[in-house]
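Undergrad:
Number of protein chains: 2
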Amino acid sequence: MATIKDIARKAGVSVTTVSRALNGYDDVNETTRKKIKQVAEELAYSPNAVARSLVSKKTRTIGLIISDINRAGAKDAFAYEVLCGINDRAGDLNYDLLLFSTNPSKQMEKSYTALCKERNVEGAIISGLRLDDPYLQEVIDQNSFPCVLIDIPRTGDNVAYIASDSRAGAATAVQHLLDYGHAEIAMINGHDQAYVSRERLAGYKDALEQANVPFREELVYDGGFTEDGGAEAMYQILLRHPQATAVFCASDLMALGAMRTLEKTGRRVPGDISIVGFDDINIASYCSPKLTTIRQDKYEMGYRGAQLLIDMLDDRTDNRKVTLGNQLIIRESTRNLREG
Amino acid sequence: MATIKDIARKAGVSVTTVSRALNGYDDVNETTRKKIKQVAEELAYSPNAVARSLVSKKTRTIGLIISDINRAGAKDAFAYEVLCGINDRAGDLNYDLLLFSTNPSKQMEKSYTALCKERNVEGAIISGLRLDDPYLQEVIDQNSFPCVLIDIPRTGDNVAYIASDSRAGAATAVQHLLDYGHAEIAMINGHDQAYVSRERLAGYKDALEQANVPFREELVYDGGFTEDGGAEAMYQILLRHPQATAVFCASDLMALGAMRTLEKTGRRVPGDISIVGFDDINIASYCSPKLTTIRQDKYEMGYRGAQLLIDMLDDRTDNRKVTLGNQLIIRESTRNLREG
DNA sequence: CCGCAGATCCGAAACGTTTCGGAAAAAAAT
DNA sequence: ATTTTTTTCCGAAACGTTTCGGATCTGCGG
Chain A
1 MATIKDIARK
11 AGVSVTTVSR
21 ALNGYDDVNE
31 TTRKKIKQVA
41 EELAYSPNAV
51 ARSLVSKKTR
61 TIGLIISDIN
71 RAGAKDAFAY
81 EVLCGINDRA
91 GDLNYDLLLF
101 STNPSKQMEK
111 SYTALCKERN
121 VEGAIISGLR
131 LDDPYLQEVI
141 DQNSFPCVLI
151 DIPRTGDNVA
161 YIASDSRAGA
171 ATAVQHLLDY
181 GHAEIAMING
191 HDQAYVSRER
201 LAGYKDALEQ
211 ANVPFREELV
221 YDGGFTEDGG
231 AEAMYQILLR
241 HPQATAVFCA
251 SDLMALGAMR
261 TLEKTGRRVP
271 GDISIVGFDD
281 INIASYCSPK
291 LTTIRQDKYE
301 MGYRGAQLLI
311 DMLDDRTDNR
321 KVTLGNQLII
331 RESTRNLREG
Chain B
1 MATIKDIARK
11 AGVSVTTVSR
21 ALNGYDDVNE
31 TTRKKIKQVA
41 EELAYSPNAV
51 ARSLVSKKTR
61 TIGLIISDIN
71 RAGAKDAFAY
81 EVLCGINDRA
91 GDLNYDLLLF
101 STNPSKQMEK
111 SYTALCKERN
121 VEGAIISGLR
131 LDDPYLQEVI
141 DQNSFPCVLI
151 DIPRTGDNVA
161 YIASDSRAGA
171 ATAVQHLLDY
181 GHAEIAMING
191 HDQAYVSRER
201 LAGYKDALEQ
211 ANVPFREELV
221 YDGGFTEDGG
231 AEAMYQILLR
241 HPQATAVFCA
251 SDLMALGAMR
261 TLEKTGRRVP
271 GDISIVGFDD
281 INIASYCSPK
291 LTTIRQDKYE
301 MGYRGAQLLI
311 DMLDDRTDNR
321 KVTLGNQLII
331 RESTRNLREG
């Protein structure tokens with residue numbers, strides 16, 4: 001590996017000059033610059049970013065802590081789409097992404113903060129954390145690097161977040177069912193350590209209240225955000241609330257599980273029961289019946305999240321909260337009881 | 001940011017001792033070690049990985065060049081699943097992942113080799129490259145870091161690859177159609193700069209030859225690996241080869257496109273035409289009819305690819321080629337003409 | 001001929017670690 | 001009491017860059 005010193009020696013100049021020549025400073029004669037560049041070429045010189053970072057204190061790297069990058073997350077490609085958004089925006093602005101090996105199986109020995117500090121990333125984007133994550137608070141309190149949280153509404157001096165408006169989205173979903181004349185609407189939620197679950201439950205209540213339908217706690221089940229959990233919750237609903245005509249699911253994956261249960265037990269969707277999901281995952285528009293759902297723009301979350309982080313890095317913003325809107329996509333899984 | 005020097009000063013020892021104490025060397029008195037650790041704690045010391053890398057020449061980082069991480073790739077989550085596999089294995093072995101910002105829009109100014117060398121990654125995994133990628137050859141010829149290619153069958157001193165056996169997989173798929181009594185089988189391929197396309201075409205020919213069915217070039221169309229491309233290719237097939245009773249698609253996404261065309265034109269799958277795909281993407285088991293396809297274990301590709309790379313890093317293997325088997329998954333999109 | 005401005009270059013320090021080769025002190029062996 | 005070993009420590013160099021503060025040289029106006 002040729003270094004700047006090798007070039008200096010061979011070109012008969014100092015390392016200072018080589019550095020300045022290669023970095024385009026203007027206090028170096030064009031002839032020497034040519035010469036230096038040529039020598040660099042001959043030696044197949046490649047700058048050492050590690051050494052550079054050490055002195056410049058810049059790594060041009062964004063740390064990524066995405067705890068839901070795993071096999072299970074392949075169906076709803078939530079993490080993936082967020083990642084794509086981040087990757088695209090970061091790429092535009094010439095930042096590389098450092099994906100930390102957060103090992104979910106054995107508990108981590110190092111905090112997220114420690115990881116980021118050690119590696120000198122300039123900022124970090126964190127996604128997929130539970131509210132009870134032991135290291136979350138430390139991230140929020142820390143003050144050494146800017147940080148963007150995805151779907152976790154916490155802010156700090158150095159911490160911003162980007163989230164989709166789960167509450168309004170859920171309200172829209174339930175409103176849609178109410179508009180279609182459904183009165184007894186059950187809900188399959190995720191789990192109570194997810195921010196989005198809390199919000200979606202709140203949205204569910206909002207819509208009911210708006211329509212003067214009393215909220216009944218017993219109509220809400222947790223499906224843990226998994227397909228199997230959704231399927232299981234649906235069984236409970238069928239058993240205990242046979243009068244329910246609609247179910248609002250806090251994720252499409254759980255909605256898919258619920259539909260599986262309904263199919264197995266001979267119910268028709270939306271004939272007997274209407275289903276509305278949340279996310280608009282890819283499968284939603286291919287399954288049968290096609291799923292009515294609330295679309296979240298996950299790519300946009302990543303893209304805007306990366307932008308937000310970089311704005312913070314450059315001190316270009318004081319904004320610490322970004323909320324994205326969602327959209328109701330009506331497909332085939334909901335039935336209008338008021339028509340025929 | 002407290003450094004090792006600060007600790008040394010405050011603890012009244014040399015930096016050498018601090019370094020050795022913190023790194024668990026045994027030539028330091030346990031009392032001093034305690035003291036040093038305590039001071040480190042007080043100062044909230046966090047080691048600087050950049051400085052460490054500079055001298056140790058190790059970054060414990062694997063470079064990732066995955067050119068198909070983008071929005072379009074969300075449906076077939078190929079890149080995603082591979083990434084998950086890599087992430088899991090790399091995480092187990094305590095490597096972090098550096099995702100390079102390969103900007104596909106504007107042509108890149110730096111080669112993959114240059115990126116990896118500059119950042120001092122210990123090795124790299126490359127996926128999603130076309131055979132005519134201008135920088136591919138350079139990677140293969142380079143000798144400065146080990147590299148694993150995914151689905152690109154090229155090797156070198158420092159370059160290994162992992163691929164799924166596309167040829168055998170394709171042959172199995174076509175064989176399945178032949179077994180079901182189909183005689184005129186069209187094919188929708190990807191594009192000719194993809195290795196897998198070439199292999200799948202070869203597999204298609206293999207199966208035909210095996211069954212003494214003459215290969216007819218005009219039955220093969222390119223769909224560019226996109227859903228729309230598949231839909232378009234299907235129109236061509238319907239128009240020009242109305243006798244075809246089955247289509248083998250080189251990807252599930254194109255198969256989905258083809259089914260869309262068939263539905264629009266009033267054909268029934270598998271009643272009128274049988275379809276078999278390739279990949280087994282998530283949607284394949286949810287769409288209607290459910291898609292018969294060849295399953296590739298993409299997660300496994302990533303996982304084993306990471307393992308292979310790390311083996312190379314540790315000089316633990318001479319193996320430069322890994323091929324994974326595929327599996328025929330029979331669902332609902334193929335009809336057996338021999339029964340009823 | 002002097003002084004000065006601009007152009008071009010360089011030495012040395014700094015970034016935060018690791019590690020080599022040895023030194024001082026304490027303990028053990030002779 | 002002297003030598004040898006062991007334990008514990010440290011100085012200094014090295015990794016490959018950037019950058020600060022000059023130094024040297026050239027040409028020009030006065």
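Going down the list, the protein sequences come from chains A and B.
So for the first sequence, the UniProt record's numbering puts the first residue at 1; every next one is plus one.
So for the second sequence, the UniProt record's numbering puts the first residue at 1; every next one is plus one.
Even glycine gets a Cβ: it sits at the ideal position worked out from N, Cα and C.
For A255(A), count neighbouring C-beta atoms within 10 Å of its own C-beta (all shown protein chains included) and say buried if the count is 16 or more, exposed if not.
TA: Classification of A255(A): buried, given that the 10 Å Cβ count is 16 or more.
Undergrad: My parser needs the alpha helix (DSSP H) runs of 4 or more residues fully inside the segment 256-313 of chain B; what are they?
TA: As far as the segment 256-313 of chain B is concerned, its whole alpha helix (DSSP H) runs of at least 4 residues are 298-313.
Undergrad: Give me the residue from D68(B), A183(B), A173(B), G128(B) with the minimum Cα distance to Q243(B).
TA: Of the listed residues, the one whose Cα sits closest to Q243(B) is A183(B).
Undergrad: Can you name the start and end residues of the alpha helix (DSSP H) that F78(B) belongs to?
TA: Where F78(B) is concerned, the enclosing alpha helix (DSSP H) stretches over 78-92.
Undergrad: Give me the chain B residues within the contact set of C84(A), using Cβ-Cβ distance strictly less than 8 Å, ordered along the chain.
TA: Correct list: I69, N70, R71, G73, A74.
Undergrad: Compile a chain-ordered list of the residues in the segment 303-325 of chain B whose CB is closer than 7 Å to at least one CB of chain A.
TA: Listed by position along the chain: nothing, the set is empty.
Undergrad: Output needed in chain order: residues of the UniProt domain "HTH lacI-type" (2-56) of chain A with a Cβ under 8 Å from some Cβ in chain B.
TA: From the UniProt domain "HTH lacI-type" (2-56) of chain A, only S46, P47, N48, A49, V50, A51, S53, L54 have a Cβ closer than 8 Å to chain B.
Undergrad: Between the segment 163-176 of chain B and the segment 194-205 of chain B, are three or more C-beta pairs nearer than 8 Å?
TA: With a cut-off of 8 Å, the segment 194-205 of chain B and the segment 163-176 of chain B count as touching, because enough Cβ pairs lie within range.
Undergrad: By how many angstroms is the C-alpha of K110(B) removed from the C-alpha of L43(A)?
TA: Using only the alpha carbons, I get a separation of about 17 Å.
Undergrad: Near R119(A), which residues of its chain fall below 7 Å by C-beta distance, leaving aside the five closest residues on each side in sequence?
TA: The residues are G63, L98.
Undergrad: Check whether the segment 297-315 of chain B touches the segment 76-88 of chain B, taking contact to mean three or more Cβ pairs, one atom from each stretch, closer than 8 Å.
TA: The segment 297-315 of chain B is in contact with the segment 76-88 of chain B.
Undergrad: Taking all protein chains shown into account, decide if N189(B) is buried (16 or more other Cβ within 10 angstroms of its Cβ) or exposed.
TA: Result: buried.
Undergrad: Just reading off the alpha helix (DSSP H) that M197(B) is part of, what are its end residues?
TA: One detail in the question is off: residue 197(B) reads as Ser in this sequence, not Met. 195-210 is the span of the alpha helix (DSSP H), which, as asked, contains S197(B).
Undergrad: Quick check: F278(A) and C249(A), are their CB atoms within less than 8 Å of each other?
TA: Their beta carbons are under 8 Å apart, which means F278(A) touches C249(A) by this criterion.
Undergrad: Starting from A44(B), follow the alpha helix (DSSP H) in both directions and report where the run begins and ends.
TA: Neither: A44(B) is in no alpha helix (DSSP H) and is coded neither H nor E.
Undergrad: Taking Cβ-Cβ distances shorter than 8 Å, what residues in chain B pair up with R119(A)?
TA: Within 8 Å Cβ-Cβ: A49, V50, D96.
Undergrad: Measuring straight from C-alpha to C-alpha, what distance separates P74(A) and Y80(B)?
TA: According to the sequence shown, residue 74(A) is Ala rather than Pro. One C-alpha to the other measures close to 7 Å.
Undergrad: Taking C-beta pairs closer than 8 Å, name the residues in chain B that G277(A) reaches, listed in chain order.
TA: Within chain B, no residue comes near G277(A); the closest Cβ sits about 13 Å away, beyond 8 Å.
Undergrad: Can you check which of these residues, T32(B), F78(B), S127(B), K10(B), is closest to T102(B) by C-alpha distance?
TA: Considering only alpha carbons, the answer is S127(B).
Undergrad: Identify the contact partners of Y299(A) in chain B, using a Cβ-Cβ distance below 7 Å as the criterion.
TA: R71, listed in chain order.
Undergrad: Relative to the C-alpha of C147(B), which residue among S67(B), N48(B), S56(B), L309(B) is closest?
TA: Comparing Cα-Cα distances from C147(B) to each of S67(B), N48(B), S56(B), L309(B), the minimum goes to L309(B).
Undergrad: Name the two residues that bound the continuous alpha helix (DSSP H) containing residue 347(B).
TA: The question about residue 347(B) has no answer here: the residues shown for chain B are numbered 1 through 340.
Undergrad: Let me see if you follow: with CB-CB separation under 8 Å, is T102(A) close to chain B or not?
TA: It does: the Cβ of T102(A) has a partner Cβ on chain B nearer than 8 Å.
Undergrad: Helix or strand or just coil, what does DSSP make of G63(B)?
TA: Residue state, collapsed to three classes: strand.
Undergrad: Using DSSP bridges, identify the partner residues of K321(B).
TA: For K321(B), which the question treats as bridged, DSSP gives the partners Y161(B).
Undergrad: What does the alpha-carbon distance come out to for the pair residue 344(B) and V139(B)?
TA: With chain B represented from 1 up to 340, any question about residue 344(B) goes unanswered, as that position is not in the structure.
Undergrad: So is E81(A) in contact with chain B if we call contact Cβ pairs under 8 Å?
TA: Yes, contact with chain B.
Undergrad: If the cut-off is 8 Å on Cβ atoms, which residues from the segment 270-296 of chain A count as contacting chain B, listed in chain order?
TA: For the segment 270-296 of chain A, which is checked against every Cβ of chain B, the residues closer than 8 Å are N282, I283, Y286, C287, S288.
Undergrad: Based on the DSSP output, what are the partners of M187(B) in its beta bridges?
TA: DSSP, once it has assigned bridges, lists V220(B), F248(B) as partnering M187(B).
Undergrad: How far does the alpha helix (DSSP H) with D141(A) in it reach, from first residue to last?
TA: 136-141 is the span of the alpha helix (DSSP H), which, as asked, contains D141(A).
Undergrad: Just the Cα atoms here: how many angstroms apart are T172(A) and I283(B)?
TA: Approximately 26 Å, taken between the alpha carbons.
Undergrad: R240(B): buried (16+ other C-beta within 10 angstroms of its C-beta) or exposed?
TA: It is exposed - the Cβ of R240(B) has fewer than 16 other Cβ atoms within 10 Å.
Undergrad: So for A124(B), helix, strand or coil by DSSP?
TA: Three-state result, A124(B): strand.
Undergrad: Going by C-alpha distance, which of A114(A), T3(A), A51(A) is nearest Y45(B)?
TA: When each option's Cα is compared against that of Y45(B), the closest is A114(A).
Undergrad: Go to D228(A), then tell me how far its alpha helix (DSSP H) extends in each direction, as first and last residue.
TA: That run of the alpha helix (DSSP H) goes 227-240.
Undergrad: Please report the residue range of the alpha helix (DSSP H) in which residue 342(B) lies.
TA: With chain B covering 1 to 340 only, the question about residue 342(B) has no answer from this structure.
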